[in-house]
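Undergrad:
Residue numbers (my numbering): 44 to 80.
Below, the structure is given as structure tokens:
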């Protein structure tokens, strides 16, 4: 979160990888290898 002129601005959006697409599977693998889940 960033504050600009007293107002907050969100810099990122939460996401949860799901599905069976190549990109989703790569992200799930990356998370598991990093010790997540």
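We put the CB at the ideal spot given by N, CA and C, even for glycine.
(1) So what's residue 7 in DSSP terms, helix, strand or just coil?
(2) Taking only the alpha-carbon atoms, compute the straight-line gap between residue 60 and residue 49 and give it to the nearest angstrom.
(3) Mind checking who residue 52 pairs with in its DSSP beta bridge?
TA: This is what the structure gives:
(1) The shown model of the chain, from 44 to 80, leaves out residue 7, and the question about it has no answer.
(2) Here residue 60 refers to the residue found at position 17 of the chain shown. Here residue 49 refers to the residue found at position 6 of the chain shown. For residue 60 and residue 49, the distance between alpha carbons rounds to 33 Å.
(3) Here the question's residue 52 lines up with position 9 in the chain shown. Looking at the DSSP assignment, residue 52 forms a beta bridge with 45.
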